[in-house]
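Residue numbers (our numbering): 828 to 1150. The beta-carbon is built from N, C-alpha and C at its ideal position, and this holds for glycine as well. Quick caveat, the model's predicted, so the values are computed rather than measured. Report on one structure; see the data block that follows.
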């Protein structure tokens, strides 16, 4: 029923070292530790114990391979929080020969394993940890000011959540901007469970996010639903679901039979049909996703947060079963 994920935590600290040139090995432990979401790891473990489920964790440190970002064959020259590859610029310049190809294989293998693990799930929950103020990219910009983040937050948004078609690539053009795994009942159940021990606040991120693992879960299920409804040819729907767990940014997906027409209906200002598909998908009720963040300075209380999270998730799942 539920898949619990920590895409940025859980990997053995030394597991990424073999991918790097020996001359930078001394720098790696501190760098890995700095990026490791230890609070998320603790919270997810406590939640898993309470619910009797397992945590699907990262198998390489986040700073080696980031499952919450797309694997870009041509990474941007200037990286941003939501505009970087699964292997960042710092790492790419220090990998051993063949390291990038090996990491690419590990990346897609891990996503395939996660897809398989979540095949029978109706809910995917990502547990993360964020800093007390802005991201490292915010801090590096002279135009940004520090903004204290809430103790915890539910994070909405998706890579396709923008009205600017010029920003959308590949699958993103086929997905309604309102498509989301966030369900009111799920969000409320979790907020009611964590409060008042932890005070939730607004997401510090824009509604447009990178290709997080829960985004792939929601997108894949949406294409599966579209195929069942006859909105897409069955083979096209199946290939698009595969693409959601693979390379979603490839333009060629729009050339699949029926895909261009589907995209046109999704993005037609004059048509009601297409713009309401996300609502119809939500009403079916087969898919929900939640991304939660716990603030870095709450690590000592992370286990308690995970236990509260479990209470909320149990209440939501019980409501689904009863309803």
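So for residue i, helix, strand or coil by DSSP?
| i | result |
| --- | --- |
| residue 1015 | helix |
| residue 982 | coil |
| residue 1120 | strand |
| residue 1035 | strand |
| residue 1087 | helix |
| residue 859 | helix |
| residue 1098 | coil |
| residue 1075 | coil |
| residue 884 | strand |
| residue 854 | helix |
| residue 953 | strand |
| residue 1063 | helix |
Judging by CA-CA distance, which residue of the options is the nearest neighbour of residue i?
| i | options | result |
| --- | --- | --- |
| residue 1075 | 1104, 1043, 1100 | 1043 |
| residue 1134 | 986, 1025, 830, 838 | 1025 |
| residue 928 | 942, 941, 1148, 913 | 913 |
| residue 851 | 918, 899, 842 | 918 |
| residue 1052 | 849, 878, 1110, 868 | 1110 |
| residue 1046 | 873, 959, 998 | 998 |
| residue 1013 | 1140, 887, 1003, 1098 | 1140 |
| residue 947 | 1145, 1106, 1048, 1127 | 1048 |
| residue 862 | 963, 1060, 1097 | 963 |
| residue 1093 | 1059, 1072, 1118, 971 | 1059 |
| residue 1035 | 950, 1003, 1086 | 1003 |
| residue 924 | 1087, 1006, 847, 943 | 847 |
| residue 892 | 845, 878, 870, 945 | 845 |
| residue 960 | 1103, 974, 970, 950 | 974 |
Suppose contacts are defined by Cβ-Cβ distances below 8 angstroms. Is residue i in contact with residue j by that definition?
| i | j | result |
| --- | --- | --- |
| residue 954 | residue 829 | no |
| residue 837 | residue 905 | no |
| residue 1077 | residue 1008 | no |
| residue 911 | residue 921 | no |
| residue 1144 | residue 874 | no |
| residue 976 | residue 1031 | yes |
Round the Cβ separation of residue i and residue j to the nearest angstrom and send it over; I've been treating them as touching at under 8 angstroms.
| i | j | result |
| --- | --- | --- |
| residue 1120 | residue 980 | 5 angstroms |
| residue 1083 | residue 1063 | 5 angstroms |
| residue 1040 | residue 894 | 6 angstroms |
Using a Cβ-Cβ cutoff of less than 6 angstroms, which residues in the same chain neighbour residue i once the five nearest sequence positions on both sides are dropped?
| i | result |
| --- | --- |
| residue 858 | 890 |
| residue 866 | 956, 1121, 1126, 1129 |
Would the beta-carbon of residue i be found less than 7 angstroms away from any heavy atom of the ligand MG?
| i | result |
| --- | --- |
| residue 945 | As far as ligands go, the structure on display features none, and thus does not contain the ligand MG. |
Among the residues of its own chain, which have a CB less than 8 angstroms from the CB of residue i, if the five just before and after it don't count?
| i | result |
| --- | --- |
| residue 995 | 987, 989 |
| residue 978 | 1025, 1026, 1027, 1028, 1121, 1122, 1125 |
Going by beta carbon distance, what residues of the same chain come within less than 7 angstroms of residue i, once the five residues before and after it are set aside?
| i | result |
| --- | --- |
| residue 931 | 898 |
| residue 880 | 829, 831 |
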